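To start, the structure itself, in structure tokens.
Number of protein chains: 6
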Amino acid sequence: MPVVNVNWWKGAGEPERRQLVSELTETVSRLAKCPPEAVTVLISDVEKDHWGIGGKLAADL
Amino acid sequence: MPVVNVNWWKGAGEPERRQLVSELTETVSRLAKCPPEAVTVLISDVEKDHWGIGGKLAADL
Amino acid sequence: MPVVNVNWWKGAGEPERRQLVSELTETVSRLAKCPPEAVTVLISDVEKDHWGIGGKLAADL
Amino acid sequence: MPVVNVNWWKGAGEPERRQLVSELTETVSRLAKCPPEAVTVLISDVEKDHWGIGGKLAADL
Amino acid sequence: MPVVNVNWWKGAGEPERRQLVSELTETVSRLAKCPPEAVTVLISDVEKDHWGIGGKLAADL
Amino acid sequence: MPVVNVNWWKGAGEPERRQLVSELTETVSRLAKCPPEAVTVLISDVEKDHWGIGGKLAADL
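Chains as they are written, first to last, in full-length UniProt numbering: chain A, 1 to 61; chain B, 1 to 61; chain C, 1 to 61; chain D, 1 to 61; chain E, 1 to 61; chain F, 1 to 61.
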């Protein structure tokens, strides 16, 4: 049932995504009291020149 | 008015997206009682190594 | 696998939501070539005074 | 930097949300190699009659 | 065409939302080179006990 | 604190994104009464053949 969207800067590789899915699913399924199979995790790699912080593009920081 | 976001695995082609937009718009505009022109559909193709199910990357299943 | 988010104005009742989920799931599972059980639909009812169109709150239109 | 959206069924209380934020932030900041202060977590409690699975409202299952 | 989602803490009133929609629409339509009528803005008021920063619920800060 | 997602058609360049982040952040931080540093803006460039309006792909219009 739970759907988790992760938006982070482009740069992490497949091993990090694999670990992210594993750990987030364990946490969410435990706290939502649902089986891990019910948990969906969507990962979006965002370029720093498409991400703004404090009024600036992260690429410019 | 309605905004529909579809996240699905990368793989469907333009014909499927065209059909998806056509059918989703018909359904949503009918049930929302609004003109089809008011319906926006955004489609995100997600790589299987950016999608987690049951604690695993879909690419690993 | 597919995750569909529908944002529309608050007002539709449970019968419309039931119909929306049924039809959207049929369409998406057919076009994504996945079983209906894999399709998640999230529906957000949005108040008109939290929705902007053409620079105005929908509530003011 | 990372922004995590969690959509799950309404029902978890504040203690679970507190734990969710704590654990998700630790995992994401470690894997994104960014400070915990940079991680934002947004939690949406969704009613079962606004959530579709396999073509049905979760409330009907 | 552009769809803008704003998630912020619950607390702003309708006047602020009206102003937000007006200014965001003007900026986005100018930069996207599209008419203001094409711009949709969705505003989500999020409770502080559903928002995590730095591993803590904003309500606890 | 505020998180703003902008979905628009692919085509704007970095200068427009820079301007978008600058202006959106100023508006949102003023109206949310929070420092600009607290505002995150995520920009998604969407291909016209992944965007539906009025039942058609924007690429077909």
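Using N, Cα and C, we set each Cβ at its ideal position, and we do this for glycine too. If you're wondering where the values come from, they're calculated on a predicted model, not measured in any experiment.
Check: Of the choices B:Asp49, B:Val6, B:Leu20, whose alpha-carbon is the least far from that of Lys56 of chain F?
Finding: Measuring from the Cα of Lys56 of chain F, the nearest candidate turns out to be B:Leu20.
Checklist line | Euclidean distance between Cα positions of Gly54 of chain C and Val41 of chain F | finding: Spanning the two alpha carbons is a distance of roughly 21 angstroms.
Check: Within 10 angstroms of its Cβ, does Pro2 of chain F collect 16 or more other Cβ (buried), or is it exposed?
Finding: Per the 10 Å Cβ criterion, buried.
Checklist line | Partner residues on chain E for Glu16 of chain F, Cβ-Cβ distance less than 7 angstroms | finding: Going along chain E in sequence order, the residues near Glu16 of chain F (Cβ under 7 angstroms) are Leu31.
Check: For Ala12 of chain F, which residues of its own chain have a beta-carbon under 8 angstroms away from its beta-carbon, when the five flanking residues on both sides are left out?
Finding: So the qualifying residues of the chain are Leu20, Asp45.
Checklist line | Local conformation of Leu42 of chain B per DSSP, three classes | finding: When secondary structure is reduced to three states using DSSP, Leu42 of chain B falls in the strand class.
Notebook entry, point to check: Hey, out of C:Trp9, C:Trp8, C:Val4, C:Lys10, whose CA is closest to Glu23 of chain C's CA?
Noted result: Restricting attention to C:Trp9, C:Trp8, C:Val4, C:Lys10, the CA atom closest to the CA of Glu23 of chain C is found in C:Val4.
Checklist line | Straight-line gap, Gly52 of chain F to Thr27 of chain D (C-alpha atoms, nearest Å) | finding: For the pair Gly52 of chain F and Thr27 of chain D, the Cα-to-Cα distance works out to about 36 angstroms.
Notebook entry, point to check: In three-state DSSP terms, what is Lys33 of chain E?
Noted result: Looking at Lys33 of chain E - three-state DSSP - the assignment turns out to be coil, as it is neither helix nor strand.
Next item on the list: Evaluate residue 73 of chain C with the Cβ neighbour count: other Cβ atoms within 10 Å of its Cβ, from every protein chain shown; 16 or more gives buried, anything less gives exposed.
Entry: Nothing can be reported for residue 73 of chain C, as the shown portion of chain C is limited to 1 through 61.
Checklist line | Where the beta strand (DSSP E) through Gly52 of chain E begins and ends | finding: Run containing Gly52 of chain E: 51 to 53, per the beta strand (DSSP E) assignment.
Item checked: Members of the region 35 to 49 of chain D near chain C, C-beta cut-off 7 angstroms -> Only those residues of the region 35 to 49 of chain D whose C-beta falls short of 7 angstroms from the nearest C-beta of chain C are listed: Val46, Asp49.
Notebook entry, point to check: Tell me, which residues are paired with Val3 of chain F by DSSP?
Noted result: Beta-bridge analysis with DSSP links Val3 of chain F to E:Asn7, F:Thr40.
Checklist line | Inter-residue Cα distance where the pair is Trp8 of chain E and Arg18 of chain B | finding: Roughly 34 angstroms separates the two Cα atoms.
Note to self: Just checking: is the beta-carbon of Thr25 of chain D within a distance shorter than 8 angstroms of some beta-carbon in chain A?
What the structure shows: No, no contact with chain A.
Check: Using a Cβ-Cβ distance under 8 angstroms, would Leu57 of chain C count as near chain E?
Finding: By the rule that beta-carbons nearer than 8 angstroms mark a contact, Leu57 of chain C touches chain E.
Checklist line | Of the residues B:Glu16, B:Ala32, B:Lys10, B:Pro15, the one placed nearest Val6 of chain C, counting alpha carbons only | finding: Among B:Glu16, B:Ala32, B:Lys10, B:Pro15, the Cα nearest to that of Val6 of chain C is on B:Ala32.
Notebook entry, point to check: When you compare only the Cα positions, how much space is there between His50 of chain E and Val39 of chain D?
Noted result: Distance from the CA atom of His50 of chain E to the CA atom of Val39 of chain D, rounded to whole angstroms, is 14 angstroms.
Next item on the list: Would you list the one or two residues that DSSP bridges to Leu57 of chain F?
Entry: DSSP lists F:Gly52 as the bridge partner or partners of Leu57 of chain F.
Notebook entry, point to check: For Pro15 of chain F, which of E:Glu14, E:Arg30, E:Ile43 has the nearest alpha-carbon?
Noted result: With respect to the C-alpha of Pro15 of chain F, the residue from E:Glu14, E:Arg30, E:Ile43 having the closest C-alpha is E:Arg30.
Note to self: If we define contact as Cβ-Cβ less than 8 angstroms, is Trp51 of chain F a contact residue for chain B?
What the structure shows: So, interface residue.
Next item on the list: List the residues of chain F that Asn7 of chain A touches, going by C-beta distances under 8 angstroms, in chain order.
Entry: Residues of chain F passing the Cβ test: Leu42.
Note to self: With a threshold of 8 angstroms between beta-carbons, can Val28 of chain B be considered close to chain E, or not?
What the structure shows: Look at Val28 of chain B: its C-beta is not under 8 angstroms from any C-beta on chain E.
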